[in-house]
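Just so you know, we're using full-length UniProt numbering here: the sequence shown kicks off at 1 and counts up by one.
Built from N, CA and C at the ideal position, the CB exists for glycine as well.
Have a look at the structure below, then the notes.
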Amino acid sequence: APAGPSSAAESSVVCPECDRTFSTRRGLGVHRQRAHRAEYDRDVQIPAVKVRWSTEELRLMATSEAEAILNGEKFVNQKLLPLFPQRSLESVKGVRRRADYKALVEDALRELRSHAASSHTFPNDSGEEVCLSPSLTSCSSSEENQGPSNNANPSAVGDIRSYISDNLLPQTVVPGEGFHAEKLRSLAVRALEGFDVSDGLVDWLRSCFPEASMEQFRGKSCKRKHKRTRNSKRKQRRIAYAHTQTLWRRNRARAAREVLDGTPKRVAHDINQIDKYWAPLMQSPSGVDHDGCSLTRVSSPISEQVLCGPIDTHDVSIWRVSVRSAAGPDQLTARKWNAVPPELQALFFNVVLLQGKLPRHLCSSRTIFLPKTDLPQSPGGYRPISVTSVVVRHLHKILAARISSLNLFDSRQRAFISADGVAENLVILDALLSAARYPLRQVHLVSLDIMKAFDSLDHGAIERILRSRGFPEMFIDYVMSGYREATTCFLVRGKPGKVVNLRRGVRQGDPLSPLIFNLAMDEVLAAIPEEVGFSLEGERVSCLGFADDLVVVTSSRVGMSTALKRIEAAAARLGLHLNPDKCHAFSFVPDGHSKKLKVVTDPQFSIGGSVIEQSTSLSQWRYLGIDFDLKGARSLELDVSAALGNLSKAPLKPQQRLEVLRTYFIPRFVHGLVLGNVTDGRLLQLDRQIRKSVRGWLRLPKDVSLGFFHASAKDGGLGIPSLRTMIPELTFKRLNKLQTSDYPAACAAWRSRRVQRKINWASRMLQRLAIPLDGPRPNRKGYWTRRLYDSVDGYELKECSKTKSSTRWIAAGSYGIPGRDYIQHVHVWINSLPGRVRMTRGRRGDAQSVSCRAGCPEDETSAHIIQRCFRTHGGRILRHNAVCNTLASALKAVGWNVEQEPQLHTAEGLRKPDIIAHGRRGTLVLDAQVVGGARPLDVAHKSKIKYYADNSDLATLVATRFGTPPQDVAFSSATISWRGVWSPRSYADLISFGIPPGILNGVVTRVLQGSHTNWTRFNQMTSKRRMV
């Protein structure tokens, strides 16, 4: 704002960055925080004297002093001083004299002695486990590697033997043919006798699936490249259309990605570059020294019966591999493997467990590479996914389900568990940043990046972790034998590379790998000191873990430095290494005197001698798909116009565009909109952009009811989710689920002011739209359905949800309909065909005529044009005959003897029903009619039945013709509206007569086509009714 007069300028304050003037210093401070945040933080100075000791620092120093006492340290002050570089020796001495600190030391001593009594070890400053003293225990690696003894009670092997002998082998009849059941039974008998039948199991698979190869995957043959010729634009469009439609039939998700992104994500590097980078990483051992004590020990081992017990047919059935899952290197598809009877699958798996190892040929895999970004700059910019045989994945899904039921993981690890871990971690982080700002509290966050975590995990560390966690030796031997024999073949753009022996890492794509990786990461999480963390609503939050994505949280700089040292040491013992270049830190330090919060930008922490980049007040970072800054979760910055433009230009049918919009486009943004920060205005803007594109695809006028766009397809709408109603509903439900989470930190986040404000916002949004919140699931779909049926154009659709065939063509059954016909069907369905009455809505004057242009004494509505105008009389006959012929053919196909339009002379006059039929179900008189939808369709159905059923002579004539009693003659009608809505009772009668639902689906589209043809005929004709 320009400066005022000189008198006003004397009392005003001026912004030093942009020279704007403000009347108060508070206004200037608010302006600088928003417009010049970096300069504002630079001017905030934190006093460097008389800094109080935080609770976290006191707990850390008390624990360190207790460890020093147990280790026999004499100079405790000199031992503690390096841990707090910003404190003086006198400050350390003064704290040690305090009574509250001495109580903390006593508590730490009791805890360490209790830990030592159970495990004989305790963690030192680096996070390593060390022995208390040689007199208490001997840290022999051989003793530690023995683990809990499980071989003394081989109950699992005995149970498997009994189950095979008593349940699987006696079965003489197994459903299915061509699976060589006797051959597998003979292998099971030899396995019970102690023979190695691994090769025989592979031979059995070969005999069952001769087209599958049990050898290493060799890739697809490369087609000969043809010389490119320059095609015309028309031919280019045809080629693009053919490519997109072919891809749509094969892989709809991939087709949608190509359409929305414009250019598909592909591997930009050749197989030689991939081999050169990834082969040394996977086939070279990590070089971890495994001598020493184990990190963790459980008090009781895991039972063999629970983890390695017999696999029954129920386990096989409920944990099948999805038919959409890719085939492994043996080219055996999930559909073919699932066709094997469960009894034979269970027998195969139990024999494998009895052998204690997988057959060698099943240990191979093929590795594909998924780009992490649109254009990876190096071969390391891909995520390797190893695809094993579906047989192995099926077995490992069963074992993974058993491990998951044991609840072995650290509560801070929220990945690969049956919980909404993504939402929990994001909400906790958002609430934590808000709690640090109001009131002013110190907090330090470091986001850690582990280099190639899944691909670098040491196999020796896996064995040590499984043994220390009490896993049975039978399971450990099975897992480690699989890793010893594991091989893979890289596959890039259909071209295979060399075979690589895997010497470290877990295979991404194997159902067991996420759980084994979680167990390894538990060791890293356990290394974080219990004393550090940030108090959120009474709960201490020290780390947010999601697989290898870790965010360490402390309330002091010393606490973060200590935690990072221990994490680095624990990761190194697993063969994992932190990447400081991709780690970033964020620090809030309050100034209690000026009541300001400073974002520290100077380097504070380091890993392996490398400084971690410190985020500024203007920095943003992404965690689990959500952008964060110093205020918490940011609003999702998305521009849907580009993606909608790509979708509009794509060579797709209109119904295919709607499918991409519903299934792939909108779900892309739901995560960021629900868990980020969004406003009602932004959601309304996005909805308007989406509806504008849909109107262009379907050629719809602007006055079409909004309920038609957002009501579900089964209720007569297009089924496009409305972000303005869906996002508040999902936010309300997803955040309220945190209240019942088994993770205490998530419950604390739910109680925070930040989360409660979001829940209240969602509640107000839903209540303003009259969406009820009484139950646990707000009914937003019912809201849009009511809006559709309450509109003028949607009133006649209120009965469509009662019959599936009436609405199936909108979404699920639309793929066989040409695009132009689909648009015409939509226009008839929603009554958007232009006529005098519709085109003058809202602007009709007294002098403007709305009468029928054909001279009929009625208003020119769509219903009049299609159903009553003399111009369309011939079209109505053709439409009626098409319906009758379709139903007659369907009745003949199911065994009815059909006659069409017989002339029956009765005492009340000539009757000519459309169809009379005789079959095993009796004798039938059926008449078809296409009616308007203003009155209930069942009323029209009953009226038609009464017209024929009340004529006693008609029943006698029909019964005489087919030689049946008159009382056995049934009367019904095929009643459907001109907009394709079936009468519910008529639909039920036709189904009972044996007509398939697919035929009735086709009747609907035929009626819609005929109705649009009538409207076209009306506009092409110029004849007028001659008024008498």
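{"Check": "The stretch 864-879 in contact with the stretch 992-1004 per 3-pair CB rule at 8 Å", "Outcome": "no"}
{"Check": "Residues bridged to Ala917 (per DSSP)", "Outcome": "Val898 and Leu924"}
{"Check": "Among Ile607, Ser587 and Glu568, the one whose alpha carbon lies nearest that of Asp581", "Outcome": "Ile607"}
{"Check": "Bounding residues of the alpha helix (DSSP H) (the contiguous stretch that carries Asn1019)", "Outcome": "Pro997 to Gln1020"}
{"Check": "Given Met521 as reference, the closest of Leu550, Leu512, Arg503 and Lys495 once Cα atoms are compared", "Outcome": "Leu550"}
{"Check": "Where the alpha helix (DSSP H) containing Thr63 begins and where it ends", "Outcome": "Thr55 to Leu70"}
{"Check": "At least three beta-carbon pairs within less than 8 Å, the stretch 243-257 to the stretch 646-666", "Outcome": "yes"}
{"Check": "Residues bridged to Arg366 [DSSP beta-bridge criterion]", "Outcome": "Val387 and Cys489"}
{"Check": "Own chain residues within Cβ distance below 8 Å of Arg32, not counting five before or after", "Outcome": "Cys15, Glu17, Glu39 and Tyr40"}
{"Check": "When Gly262, Val443, Leu937 and Val552 are compared against Pro977, the one with the closest alpha-carbon", "Outcome": "According to the sequence shown, residue 977 is Ser rather than Pro. Looking at the Cα atoms, Leu937 is the closest of the given residues."}
{"Check": "Where Leu168 falls, given that 16 or more other Cβ within 10 Å makes a residue buried", "Outcome": "buried"}
{"Check": "Beta-carbon spacing of Met474, Ala156 below 7 Å", "Outcome": "yes"}
{"Check": "Distance between Leu769 and Ile727 (C-alpha atoms, nearest Å)", "Outcome": "13 Å"}
{"Check": "Assigned exposure category for Lys714 - 16 Cβ within 10 Å defines buried", "Outcome": "buried"}
{"Check": "Spatial distance of Leu344 from Ser404 (CA atoms)", "Outcome": "25 Å"}
{"Check": "Enclosing beta strand (DSSP E) for residue 1029 [first to last residue]", "Outcome": "With the chain covering only 1 through 1028, there is no way to say anything about residue 1029."}
{"Check": "Per-residue burial, His269 [other beta carbons within 10 Å of its own, 16 or more giving buried]", "Outcome": "buried"}
{"Check": "Separation of Val674 from Leu730, as counted between CA atoms", "Outcome": "7 Å"}
{"Check": "Reference Ile528; option with closest CA among Ser556, Val552 and Phe546", "Outcome": "Val552"}
{"Check": "Beta-carbon proximity of Gly545 to Ala461, cut-off 7 Å", "Outcome": "no"}
{"Check": "Reduced DSSP secondary structure (H/G/I, E/B, other) of Gln867", "Outcome": "helix"}
{"Check": "Collapsed DSSP secondary structure at Thr663 in the structure displayed", "Outcome": "helix"}
{"Check": "Contact between the stretch 731-748 and the stretch 825-834 (3+ Cβ pairs under 8 Å)", "Outcome": "no"}
{"Check": "Anticipated Cβ contact below 8 Å, Val883 with Val930, distance rounded", "Outcome": "7 Å"}
{"Check": "Cα-Cα separation between Asn77 and Leu89, rounded to whole angstroms", "Outcome": "7 Å"}
{"Check": "Which listed residue (Ala749, Ala643 and Thr807) has its alpha carbon closest to that of Gly719", "Outcome": "Thr807"}
{"Check": "Tyr382 in three-state terms, based on DSSP", "Outcome": "strand"}
{"Check": "Bridge partner(s) assigned by DSSP for Glu613", "Outcome": "His584"}
{"Check": "Collapsed DSSP secondary structure at Ala633 in the structure displayed", "Outcome": "strand"}
{"Check": "Rounded distance between the beta-carbons of Leu408 and Leu519, thought under 8 Å", "Outcome": "7 Å"}
{"Check": "Assigned exposure category for Arg484 - 16 Cβ within 10 Å defines buried", "Outcome": "exposed"}
{"Check": "Run of the alpha helix (DSSP H) containing Gly696, from where it starts to where it stops", "Outcome": "Asp680 to Leu698"}
{"Check": "Touch test, the stretch 455-469 against the stretch 644-664, Cβ-Cβ under 8 Å, three pairs minimum", "Outcome": "no"}
{"Check": "Euclidean distance between Cα positions of Val1004 and Pro857", "Outcome": "30 Å"}
{"Check": "Span of the alpha helix (DSSP H) around Tyr783", "Outcome": "Arg780 to Tyr789"}
{"Check": "Bridge partner(s) assigned by DSSP for Gly909", "Outcome": "Thr906"}
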